[in-house]
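Here our numbering is used: the first residue of the sequence shown is 60, the next is one more, and so on.
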Amino acid sequence: MTIEEESRSKTINRMNRATIIFLTIALSACHADLQKTTSEEFRQEIHGEAQGTTWSIVYYDLQERNLKPAVDSLLARLDESLSTYLPGSIIDEWNKSDSGAYIDQVFLELLLLSYDAYLVSEGSFDPTVKPLVSYWGFGPERFQHPEIVDQKAIDSMLTLVNFDTLKIRQDDGLYQLSEQDEIRSLTGEVFLVKSIPGMQLDFNAVGQGWSVDLVVEHLRSLDLKVLFVEIGGEIVAGDPKPNGDLWKFGIDKPVDLNTEREIQAKINLRNKGLATSGSYRKYYEKEGIRYSHTIDPTTGYPVTHSLLSATVIANDAATADAMATAFLVMGADSTVKFLNERDYLSNYVYLISSEADSYQTYTSHQIESLMEERVEN
60 MTIEEESRSK TINRMNRATI IFLTIALSAC HADLQKTTSE EFRQEIHGEA
110 QGTTWSIVYY DLQERNLKPA VDSLLARLDE SLSTYLPGSI IDEWNKSDSG
160 AYIDQVFLEL LLLSYDAYLV SEGSFDPTVK PLVSYWGFGP ERFQHPEIVD
210 QKAIDSMLTL VNFDTLKIRQ DDGLYQLSEQ DEIRSLTGEV FLVKSIPGMQ
260 LDFNAVGQGW SVDLVVEHLR SLDLKVLFVE IGGEIVAGDP KPNGDLWKFG
310 IDKPVDLNTE REIQAKINLR NKGLATSGSY RKYYEKEGIR YSHTIDPTTG
360 YPVTHSLLSA TVIANDAATA DAMATAFLVM GADSTVKFLN ERDYLSNYVY
410 LISSEADSYQ TYTSHQIESL MEERVEN
């Protein structure tokens, strides 16, 4: 290298270092700007209604974008695929068919996630329970409760509850749901084969958690990381707020609808999903018997144990939603036994049961570190 070349190289290196220093300072300044803002300056909050419930989103955005139209559009598209309350939706067409129907990739991904939860929970979570949900009056045909419980009808519907029988077909390929790697390599529409005529699917026990995850995915694609998304009580909390505070969420005390809301425990969250399933608000009473909306897929009957609510924290809201439903089916004692026998499960679990005139709680060791305070009963 000549003296001129060496001198030119040193000059370029100095310029590169100066550029790096400048960019570092600029990026640090941007980060500092966001940290120094008042709580409202770049804070965006939007609300809406979808899926028979309300939703709310908080995010911090230097561009101060209004993302409500995009969120409304996304949730509407999800309804067109997965809502059992929307005539003509993909799931509605599949449920009406005797042999199955074509489904889109959103439907397929939720189907596979649900199958994972079905396997992990050993069948306590099973979306094919829909005929029984409808029989007990908790489906789209709600409030048509059976006048007299017909055991033969329940036994007949139990033959339709079998997630393992579903298959995916595309062209000449036919796949069991356990063949997930092969299924995920498929693109475009696939045909969801119904092996048992009369079988129906209902993703309402996981759908809102799944919707939260897809909204979060959209927000993060816009480089928004400081966020809090809630749909129907299922949530995902993102990065801490600019001032360093974690997102806080209150677990409701399981009181009836006509009672003012009370907080049982407060949780600090960061980049986690949370869902609560409860039997204390969606139920009906007949001749002194309370019938919960949570149907046990193995018996065909509403659950009758003392577990009132199950809260689960997981890496995503859909998994939390599915497992909270599974634990509400199992009951407190079976859930604790289930968790103790499976140390590999990373779920954070908080259970509230009724015991005489008080509440009994169970807290998994993972969730203790996230709890800000608890109400003693």
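Backbone N, C-alpha and C define an ideal beta-carbon position, used for all residues, glycine too.
What did DSSP end up calling residue i once you bin it into helix, strand or coil?
i, result
"S351", "strand"
"V314", "coil"
"N327", "strand"
"W195", "coil"
"P356", "coil"
"T218", "coil"
"Q363", "At residue 363 the sequence reads Thr, which differs from the Gln that was named. Note: T363 maps to coil in three-state DSSP."
"F386", "helix"
"S499", "Nothing about residue 499 can be reported from this structure: the residues present for the chain run from 60 to 436 only."
"D393", "Residue 393 is actually Ser in this sequence, not Asp. In the structure shown, S393 sits in a helix (DSSP, three-state: H, G or I)."
"Q425", "helix"
"Y455", "With the chain covering 60 to 436 only, the question about residue 455 has no answer from this structure."
"Q419", "strand"
"E431", "strand"
Within its chain, find whatever has a CB closer than 6 angstroms to the CB of residue i; leave out the 5 residues flanking it on each side and keep chain order.
i, result
"T112", "G291"
"G309", "I322, K325"
"S115", "H106, E289"
"T420", "I411"
"G332", "V295, A373, D375, A376, A379"
"E241", "Y234"
For residue i, is the classification buried or exposed, using 16 other Cβ atoms within 10 angstroms of its Cβ as the cut-off for buried?
i, result
"E289", "buried"
"P256", "exposed"
"S428", "exposed"
"H424", "exposed"
"P128", "exposed"
"P190", "buried"
"G147", "exposed"
"L260", "buried"
"G303", "exposed"
"G337", "buried"
"Q203", "exposed"
"Y418", "buried"
"Y403", "exposed"
"Y399", "For the record, residue 399 in the displayed sequence is Asn; it is not Tyr. N399 should be labelled exposed."
"N125", "exposed"
With a CB to CB cut of under 8 angstroms and the five nearest residues on each side skipped, what residues in its chain are close to residue i?
i, result
"L169", "L141, F262, V265, G266, W269, A377"
Between the beta-carbon of residue i and the beta-carbon of residue j, is there less than 7 angstroms?
i, j, result
"P361", "I354", "yes"
"K300", "N327", "no"
"F184", "A385", "yes"
"G297", "L286", "yes"
"L367", "A391", "no"
"K312", "G159", "no"
"A176", "A369", "no"
"V220", "T187", "yes"
"L171", "Q239", "yes"
"I227", "V208", "no"
"E276", "A334", "no"
"K345", "H352", "no"
Once the 5 residues before and after residue i are set aside, which same chain residues still bring their CB inside 7 angstroms of it?
i, result
"L217", "G359"
"D120", "F101, Q103, L283"
"T224", "S254, I255"
Legend entry - Contained alpha helix (DSSP H) runs [length at least 4] in the region 222–280, N- to C-terminal order: 239–243, 263–280
Inset, instruction - Could you name each continuous alpha helix (DSSP H) segment of 4 residues or more that falls completely within the region 122–175, going from the start of the chain to the end? - result: 127–141, 149–155
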